[in-house]
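*Asks:* Below is one structure. I have some questions about it.
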Amino acid sequence: MSFSIAAAVDPTAFLSLPGRSAAVIRAFPWENTPLGPIAAWPAALKTLLATALVSAAPKLLLWGPELITLHNDAYSTNLGTAFADAIGRPFPALRRDLWPKLGPHIEAAYSGSPQFLPNFRAITRRYGRDEPASGTLVYTPVPLEDGSIGGVLGEVYDTTREFERSDRLEGENARLSQMFERSPVLMAATTGPVLTFRDANPAFDRFFGGRPLIGRALPDAIPEAAAQDMVAPLQAVFQSGEPWIGQEVEFCVHNGPDAAAERRFVDFIWQATRDDRGAITGLVFFGYDVTSRRVSRERADHLHAQLLHASRLNAMGTMAMTLAHELNQPLTAAANFLTAGQRFLAIGGDQRAIENLLRESEQQIQRAGEIIRRMRSLVSAGAAHREEVPLTDVIGRVVRLLETSGELSRNRVEVAVAAAAQTVIADQVQLEQILLNLLRNAGQASAATTEPIIVDAIAAGAMVQVSVRDRGAGIAAERIGGLFDALQPSTSGGLGVGLSLCRTMVEAQGGRIWAEAPAAGGTIVNFSLPAGPQQRATDQG
């Protein structure tokens, strides 16, 4: 008689797999649950569980009417640390947070109806905190050998990160759309070679009077563009991909059949758009209505031209007054000399005296001509003809001229020129005019007194400073700063043309002019001119 002893079979052998979930299932006291011991589990459960445990995809088995939870390691990651002890527990009690939403679908699957839940979103508790989650859920009935449903296979595909990215993109798109709608920049997009409008923002719509644009070809939607030869350049952009950039491009818009053409100016760019393969699919337009800027500039240019014209007229008037002012002295002196000569002739006066008077008259007339010539040179070139001039001689000639004309009849002139200030670099005629104006003003200011007028000159580095002082009524301190401006009233009640001209001539020769109101009374007018070369050498030595 022979005996055969069958080898004992381990009922948990199918769970001899790596991973935490397999170890937990193998050690779990299933005899205390509705599933009973592992040895009594149906083959369908064992086979499906073994397959799930070796799968990299998150898989969940809910078995029996109680929906006892079994899952693989990948599903553990989906559950998080909040449900580390999920195996062996009824799923409705395990996931009370999700059961109101998931329960009907799982029960339907247990009844034999497969469930597919794309884009499922919920607030779930994972890793000890509530957080939004999203995924695609599939619940498949698991049939037994007798055809009944033993449980439900759940598959979870977590799409939380994808949904977060999608949400961010939607938010960004919403913000961009909002910017597109609210932006004052003109924006539009066309598609295809016929440039059919597919989008335009409200600013673009308003620019074209709210006419229908979307779905229409640009030449039909905006006939003004065709009339102003703008379609061909746009088609060139579509063909070449090279952008068209315009600055202050004039565009006449007809917003209505009876509306007059409205002249507008636009800064813009038309740029090609491309697909993933780099092929040109359409154009985008960005522009800004700069009509107000252009009109403002044109108005400013017009006003500038008017101002320039007025300035020229004013300059001509000032020049006329200046010439009249400056020519008055030599012509008056010449007239006086000629009058005196006539008197001498009438009484049969000395021939030599008559000749001297005629010579003096001739010199004053020549002086008037020289003044005109130098004035024209000053105005046209802004610079003077400079040479080394003996200062004492020039002061002496000017004083004699004013004494002869009677303008210094009540006041003597005291002159003090320092040894280091004997010569200056200047235009002699203009220097005479400067001194003539200053001494005449000093004489007029001192007419009510017999106080002397003092002219002195001192060295001041590379310059010579000349000062003319009177003892007249003086000038108010607030008027000192504007004393040399054109058409400022002078102390004698004149228009101050002479002082303005003095400043022009002094500055043309590299110097400056200024006035002082001393506490003792009167006025001091100072001007500086470059010292002669000998004086500079002496000063440096």
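Taken in order, the sequence shown gives residues -16 to 524; the numbers are from this note's numbering.
No residue lacks a Cβ here, since even glycine has one placed at the ideal position from N, Cα and C.
Keep in mind that this is a model prediction, so the values were computed, not measured.
Go through the region 319 to 389 residue by residue and report every complete run of the alpha helix (DSSP H) that reaches 4 residues or more, in order.
*Replies:* Those alpha helix (DSSP H) runs which fall completely within the region 319 to 389 and span 4+ residues are 334 to 364, 374 to 388.
*Asks:* Considering Cα atoms alone, identify which of E147, F187, I355, R199 is closest to R181.
*Replies:* Counting from one through the sequence shown, the residue named residue 181 turns up at place 198. The option with the nearest alpha carbon to R181 is R199.
*Asks:* Short of 8 Å in beta carbon distance, which residues of its chain neighbour Q211, apart from the five on each side in sequence? Order them along the chain.
*Replies:* What you label residue 211 is simply residue 228 of the sequence shown in a count that begins at 1. Once the five neighbours on either side are set aside, the close Cβ partners of Q211 are F234, C235.
*Asks:* Here's a check: name, in chain order, each residue in its chain whose Cβ is nearer than 7 Å to the Cβ of V372, leaving out the five neighbours to either side.
*Replies:* As a working mapping, residue 372 is identified with position 389 in the sequence shown. Within the same chain, V372 has close Cβ partners T406, V407, A409, Q411, L414.
*Asks:* DSSP on P525, reduced to helix/strand/coil?
*Replies:* The structure shown does not extend to residue 525, since the chain spans only -16 to 524, so no value can be given for it.
*Asks:* Quick one, are the C-beta atoms of T433 and R393 less than 8 Å apart?
*Replies:* Mapped onto the sequence shown, residue 433 falls at position 450. Mapped onto the sequence shown, residue 393 falls at position 410. Yes, the pair counts as a contact, with Cβ atoms nearer than the cut-off.
*Asks:* Return the first residue and the last residue of the beta strand (DSSP E) that D410 is part of.
*Replies:* The count along the sequence shown starts at 1 and reaches residue 410 at position 427. Element bounds for D410: n/a, residue is neither H nor E.
*Asks:* Let me know if H285 comes out buried or exposed under the rule of 16 or more other beta-carbons within 10 Å of its beta-carbon.
*Replies:* Start at 1 with the first residue of the sequence shown, and residue 285 comes out as number 302. Per the 10 Å Cβ criterion, exposed.
*Asks:* Report the three-state DSSP secondary structure of S511 (helix, strand or coil).
*Replies:* Taking the first residue of the sequence shown as position 1, residue 511 is located at position 528. In the structure shown, S511 sits in a strand (DSSP, three-state: E or B).
*Asks:* Out of curiosity, what's the CA-to-CA distance linking D376 and Q347?
*Replies:* Here residue 376 corresponds to residue number 393 of the sequence shown, with the count starting at 1. Here residue 347 corresponds to residue number 364 of the sequence shown, with the count starting at 1. Taking the straight line from one Cα to the other gives about 17 Å.
*Asks:* At what residues does the beta strand (DSSP E) containing Q254 begin and finish?
*Replies:* Along the sequence shown, one-based indexing puts residue 254 at 271. Where Q254 is concerned, the enclosing beta strand (DSSP E) stretches over 245 to 257.
*Asks:* If you count every other CB in all the chains shown that lies within 10 Å of the CB of V447, and 16 or more means buried, which is it?
*Replies:* The residue you call residue 447 lines up with position 464 of the sequence shown. Classification of V447: buried, given that the 10 Å Cβ count is 16 or more.
*Asks:* Rank G331, Q325, A443, Q416 by C-alpha distance to the C-alpha of R350 and give the top, closest one.
*Replies:* On the sequence shown, position 367 is the one that residue 350 refers to. Closest option to R350, Cα to Cα, is Q416.
*Asks:* With C-beta atoms as the reference, is V125 less than 8 Å away from G133?
*Replies:* Indexing the sequence shown from 1 puts residue 125 at position 142. Indexing the sequence shown from 1 puts residue 133 at position 150. Going by C-beta atoms, V125 is nearer than 8 Å to G133.
*Asks:* Check for me: the alpha helix (DSSP H) holding A27 runs from which residue to which?
*Replies:* Here residue 27 refers to the residue found at position 44 of the sequence shown. 26 to 36 is the extent of the alpha helix (DSSP H) around A27.
*Asks:* Could you say which of R194, I263, L321 lies nearest to E338 if we only look at CA atoms?
*Replies:* Translated into positions along the sequence shown, residue 338 becomes position 355. The option with the nearest alpha carbon to E338 is L321.
*Asks:* So what does DSSP say about Q230, is it helix, strand or coil?
*Replies:* Position 247 of the sequence shown, counting from 1, holds the residue named residue 230. Residue state, collapsed to three classes: strand.
*Asks:* Rounded to the nearest angstrom, what separates T274 and G118 at their Cα positions?
*Replies:* For the purposes of this step, residue 274 is taken as the residue at position 291 of the sequence shown. For the purposes of this step, residue 118 is taken as the residue at position 135 of the sequence shown. Between T274 and G118, the C-alpha separation is close to 54 Å.
*Asks:* Output the residue ranges of the alpha helix (DSSP H) runs that lie fully inside the region 60 to 94 and measure 4 residues or longer, sorted by chain position.
*Replies:* For the region 60 to 94, whole alpha helix (DSSP H) runs of length 4 or above, ordered along the chain, are 74 to 77, 82 to 93.
*Asks:* State the Cα-Cα distance for the pair G426 and V451, rounded to the nearest angstrom.
*Replies:* For the purposes of this step, residue 426 is identified with residue 443 of the sequence shown, where counting begins at 1. For the purposes of this step, residue 451 is identified with residue 468 of the sequence shown, where counting begins at 1. Answer to the nearest angstrom: the Cα atoms are 11 Å apart.
*Asks:* Please report the distance separating the alpha-carbon of P48 from that of P75.
*Replies:* Here residue 48 refers to the residue found at position 65 when the sequence shown is read from its first residue. Here residue 75 refers to the residue found at position 92 when the sequence shown is read from its first residue. P48 and P75: Cα-Cα distance of roughly 11 Å.
*Asks:* With distances taken from CA atoms, which of S131, G457, Q492 is nearest A502?
*Replies:* Sequence index remark: in the sequence shown, residue 502 carries index 519 (1-based). When only C-alpha atoms are compared, the closest one is G457.
*Asks:* Label G389 either buried or exposed according to how many other C-beta atoms from any shown protein chain fall within 10 Å of its C-beta, with 16 as the threshold for buried.
*Replies:* Here residue 389 corresponds to residue number 406 of the sequence shown, with the count starting at 1. That one is exposed.
*Asks:* Where do the ends of the beta strand (DSSP E) carrying L43 lie?
*Replies:* Stepping through the sequence shown from its first residue, residue 43 is reached at position 60. From DSSP, the beta strand (DSSP E) with L43 extends over 42 to 46.
*Asks:* Please classify V508 as buried or exposed, where buried requires at least 16 other C-beta atoms within 10 Å of its C-beta.
*Replies:* Mapped onto the sequence shown, residue 508 falls at position 525. Looking at its Cβ environment, which holds 16 or more other Cβ atoms inside 10 Å, V508 is buried.
*Asks:* Taking 8 Å as the cut-off, decide whether the C-beta atoms of G599 and I89 are in contact.
*Replies:* Within the shown structure, residues of the chain are numbered from -16 to 524, placing residue 599 beyond reach of any answer.
*Asks:* Give the straight-line distance between the Cα atoms of A430 and L422, rounded to the nearest whole angstrom.
*Replies:* Indexing the sequence shown from 1 puts residue 430 at position 447. Indexing the sequence shown from 1 puts residue 422 at position 439. Roughly 12 Å separates the two Cα atoms.
*Asks:* Just to confirm, are P83 and Y122 a CB contact at a threshold of 8 Å?
*Replies:* In the sequence shown, the residue the question calls residue 83 occupies position 100. In the sequence shown, the residue the question calls residue 122 occupies position 139. Not in contact: P83 and Y122 (Cβ atoms no closer than 8 Å).
*Asks:* So, does the region 206 to 224 touch the region 247 to 257, judging by three or more C-beta pairs under 8 Å?
*Replies:* The region 206 to 224 vs the region 247 to 257: in contact.
*Asks:* Quick check: the Cα distance between E461 and I330, rounded to an integer number of angstroms?
*Replies:* On the sequence shown, position 478 is the one that residue 461 refers to. On the sequence shown, position 347 is the one that residue 330 refers to. Taking the straight line joining both Cα atoms gives about 55 Å.
*Asks:* Contact defined as beta carbons within less than 8 Å: I believe A532 pairs with A498. What is the distance between those atoms, to the nearest angstrom?
*Replies:* The displayed coordinates of the chain run from -16 to 524. Any statement about residue 532 would go beyond what the structure contains.
*Asks:* Determine the burial state of D56: buried for a count of at least 16 other Cβ atoms within 10 Å of its Cβ, exposed for fewer.
*Replies:* For the purposes of this step, residue 56 is identified with residue 73 of the sequence shown, where counting begins at 1. Per the 10 Å Cβ criterion, buried.
*Asks:* Give me, in chain order, the residues of the same chain whose beta-carbon lies closer than 8 Å to that of V232; leave out the 5 immediate sequence neighbours on both sides.
*Replies:* Position 249 of the sequence shown holds residue 232. Around V232: F248, V249, D250, F251.
*Asks:* T487: buried (16+ other C-beta within 10 angstroms of its C-beta) or exposed?
*Replies:* Stepping through the sequence shown from its first residue, residue 487 is reached at position 504. By the 10 Å Cβ count, T487 comes out buried.
*Asks:* Going by Cα to Cα distance, which pick from F268, L391, I355 is closest to F187?
*Replies:* One-based indexing of the sequence shown puts residue 187 at position 204. For the residues F268, L391, I355, the minimum Cα distance to F187 belongs to F268.
*Asks:* Helix, strand or coil for S483, going by three-state DSSP, please let me know.
*Replies:* Translated into the one-based positions of the sequence shown, residue 483 becomes position 500. The answer is helix: DSSP assigns S483 an H, G or I state.
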